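Colleague: Residue numbers (my numbering), protein chains in the order written: chain A, 1012 to 1139; chain B, 233 to 471. To start, I am sharing the structure in question, which I have written as structure tokens.
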Amino acid sequence: MDHTADGHTQVVREEEAIQHPLGVYFKIWILLFVLSALSYAVDFYQVQGYLRWFLILLFMVLKAGLIIAVFMHMVWERLAMVYFILLPPVLLLTLVAIGSLEADWTFFQRGVYFLKELILEAPASPHH
Amino acid sequence: MSTETMAPDSLELKPGLAGFFDDWSSDQRAFKGVPWGKAMMWIFLVSDTFIFGCFLASYMTVRVSTLDPWPSASEVFALSFGGAPIPLILIAIMTFVLITSSGTMALAVNYGYRKNKWVTFWLLLATALLGATFVGMQVFEWSKLILEEGVRPWGNPMGAAQFGSVFFMVTGFHGFHVSIGVIFLFIFSYKVARGHLDDQTQGWFTKRGGNYEEIEILGLYWHFVDLVWVFIFAFFYLW
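Following this line, the structure appears as structure tokens:
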């Protein structure tokens, strides 16, 4: 047994477990290049509207997934750690929801306010 | 794998969901078979996710709520190499540089676990240099925007004033992360080349013996930096 100072032996275990073949890294690397090129193409060819947003999000999610899963070794981790890492950030969606409600309201209020200013500041009609 | 090399508590590790409940209810450490440095790095990265998440959520809020038109990133970040300006080309190159560095980092981790000292060293050095290239291009991007385009945190000639504040805050914070990563990549390529990870030489700060696991932990940070860029690229530059 190769105990370290704090009595843990996982050092050896970890190193034995982590001998992944190199091929998987090269494949993911190429995929990341292709996906980046595709997301750049979305802008280069000026795809607009819902299709643009859909493609941007699709390529973003695929790239992020590949990086987390393979480059950050998530697929080889135990679920105890996977859930600890992936579930808390989902809470950020709450923040996004609140933020978008707030932003719409602010946009509306600004519209009303600036419209009022425009009307009040308009030069008096020559008929009066 | 021989059982002698396994920790006593990892002998009956269950796979899947049963393992998840077992690990978390074991009344011991929850992350079985994970070096504490790696668990700590993940905890840090989850908290960093919240920082960048807050940045991007506030960016969404100011962009939706402004009445002025949002400047077109495609045009602002266009560059011309003698001919017609190519849209967003600088950012595209930066993206490819960062992805290349992520690939060399992943290979460095792999060769580290194979105890291949010199390949690990060269791959780490390549990652550091690619990271430095990225920061250099960001410096160019910032100076072009500040000096030539007149972009300020409080306003710019192209449209909504919030464009500048979001740009400097988000890319600045990300660039800071890259810079810290580059420093640590240089430190660790030095440590690898000197054989500190083979000899388990004590670090000057933590006094822990060197180990190739540290390369994986450094790799987690570096991949996270690349990961954040994926989101910035999508939401700030492409949206």
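Note that the Cβ used here is the ideal one computed from N, Cα and C, for glycine as well. The model shown is predicted, which means the values in this text are computed figures rather than measured ones.
Under 7 Å Cβ to Cβ from A/L1077, same chain only, skipping five residues before and after it: list those, please.
Modeller: Contacts found: I1039, L1042, L1043.
Colleague: Could you name the residues of chain B that A/F1055 contacts, counting a contact when the two beta carbons are closer than 7 Å?
Modeller: The answer, in chain order, is P319.
Colleague: Grouping DSSP H, G and I as helix and E and B as strand, with all else coil, what is B/G441?
Modeller: Residue state, collapsed to three classes: strand.
Colleague: Contact criterion: CB-CB distance below 8 Å. Does A/Q1059 meet it with respect to chain B?
Modeller: Answer no: the Cβ-Cβ gap between A/Q1059 and chain B never drops below 8 Å.
Colleague: 8 Å is my cut-off, CB to CB: does A/E1132 come that close to chain B?
Modeller: Not an interface residue.
Colleague: Would A/K1074 pass as an interface residue toward chain B - the criterion being a Cβ-Cβ separation below 8 Å?
Modeller: So yes, A/K1074 belongs to the interface.
Colleague: Quickly, what does DSSP pair B/G387 with across the bridge? List them, please.
Modeller: B/R384.
Colleague: Who does B/I464 pair with in a DSSP beta bridge?
Modeller: Looking at the DSSP assignment, B/I464 forms no beta bridge with any residue, so it has no partner.
Colleague: Does any residue of chain B have a CB that is nearer than 8 Å to the CB of A/G1122?
Modeller: It does; some Cβ of chain B falls within 8 Å.
Colleague: With a 10 Å radius around its C-beta and 16 neighbouring C-beta atoms as the bar for buried, classify B/E244 as buried or exposed.
Modeller: Result: exposed.
Colleague: To the nearest angstrom, how far is it from the Cα of B/W454 to the Cα of A/L1129?
Modeller: Whole-angstrom Cα-Cα distance: 51 Å.
Colleague: Please list the partners that B/I331 has in chain A, where partner means a Cβ-to-Cβ separation under 8 Å.
Modeller: Simply W1040, L1043, F1044, S1047.
Colleague: Please name the residue in B/G368, B/G387, B/M390, B/L320 whose C-alpha comes closest to that of B/A310.
Modeller: Checking every option, the nearest Cα to that of B/A310 belongs to B/L320.
Colleague: Tell me B/L311's beta-bridge partners as DSSP assigns them.
Modeller: DSSP, once it has assigned bridges, lists B/I318 as partnering B/L311.
Colleague: Rounded to whole angstroms, what is the Cα-Cα separation between A/L1066 and B/S306?
Modeller: Cα to Cα, the separation comes out at about 16 Å.
Colleague: Provide the residue span of the alpha helix (DSSP H) that contains B/H428, from first to last.
Modeller: That residue, B/H428, is in no alpha helix (DSSP H); it is neither H nor E in DSSP.
Colleague: For the stretch 261 to 278 of chain B, which residues have a beta carbon sitting closer than 9 Å to at least one beta carbon of chain A?
Modeller: The residues in question are A262, F263, K264, G265, V266, P267, W268, K270, A271, W274, I275, L277, V278.
Colleague: Chain B beta carbons: is any one of them nearer than 8 Å to that of A/G1110?
Modeller: Chain B contact via Cβ: present.
Colleague: Rounded to whole angstroms, what is the Cα-Cα separation between B/M337 and B/I331?
Modeller: The alpha-carbon atoms of B/M337 and B/I331 are separated by roughly 10 Å.
Colleague: To the nearest angstrom, how far is the alpha carbon of B/M401 from that of B/G285?
Modeller: Using only the alpha carbons, I get a separation of about 13 Å.
Colleague: Kindly indicate which three-state DSSP category B/Q434 falls into: helix, strand or coil?
Modeller: If DSSP states are grouped into helix, strand and coil, B/Q434 belongs with the strands.
Colleague: Could you please give the first and the last residue of the uninterrupted alpha helix (DSSP H) stretch that includes A/L1127?
Modeller: The question names Leu, yet the displayed sequence has Lys at residue 1127 of chain A. Where A/K1127 is concerned, the enclosing alpha helix (DSSP H) stretches over 1103 to 1132.
Colleague: Is the Cβ of B/D259 closer than 8 Å to any Cβ of chain A?
Modeller: For B/D259, the answer is no, since every Cβ of chain A falls outside 8 Å of its Cβ.
Colleague: Specify the secondary structure class of A/H1031 as computed by DSSP and reduced to three states.
Modeller: Note: A/H1031 maps to coil in three-state DSSP.
Colleague: Below 8 Å on C-beta distance, what does B/S312 contact in chain A?
Modeller: By Cβ distance, chain A contributes nothing, its closest Cβ being about 15 Å from B/S312, past 8 Å.
Colleague: Let me make sure I understand the geometry here. Which of B/L299, B/Y291, B/L355 has the alpha-carbon closest to that of A/Q1120?
Modeller: The shortest Cα separation from A/Q1120 among B/L299, B/Y291, B/L355 belongs to B/L299.
Colleague: Kindly indicate which three-state DSSP category B/A340 falls into: helix, strand or coil?
Modeller: B/A340: helix per DSSP, three-state reduction.
Colleague: Quick check on the burial criterion: 16 or more other C-beta atoms within 10 angstroms. Buried or exposed for A/L1062?
Modeller: Answer is exposed; the Cβ neighbour count stays below 16.
Colleague: Residues in the stretch 418 to 430 of chain B with C-beta within 8 Å of chain A's C-beta atoms, listed in sequence order?
Modeller: Cβ contacts with chain A come from no residue of the stretch 418 to 430 of chain B.
Colleague: Should A/A1091 be flagged as near chain B, meaning a C-beta pair shorter than 8 Å?
Modeller: A/A1091 counts as touching chain B.
Colleague: List the residues of chain A that B/W374 touches, going by C-beta distances under 9 Å, in chain order.
Modeller: Within chain A, no residue comes near B/W374; the closest Cβ sits about 21 Å away, beyond 9 Å.
Colleague: Helix, strand or coil: how does DSSP classify B/W471 here?
Modeller: Reduced to three states, the DSSP call for B/W471 is coil.
Colleague: Provide the residue span of the alpha helix (DSSP H) that contains B/S297, from first to last.
Modeller: Run containing B/S297: 268 to 297, per the alpha helix (DSSP H) assignment.
Colleague: Below 8 Å on the Cβ atoms is my contact criterion, and I expect A/M1092 with B/F263 to pass it. Report the Cβ-Cβ distance as a whole number of Å.
Modeller: Right, the Cβ-Cβ distance comes to about 5 Å (below 8 Å), so this counts as a contact.
Colleague: For a contact meaning CB atoms closer than 7 Å, what does B/A289 contact in chain A?
Modeller: By Cβ distance, chain A contributes L1103, L1106, V1107, G1110.
Colleague: Suppose you measure from the CA of B/W268 to the CA of A/E1088; what does that come to, to the nearest Å?
Modeller: One C-alpha to the other measures close to 14 Å.
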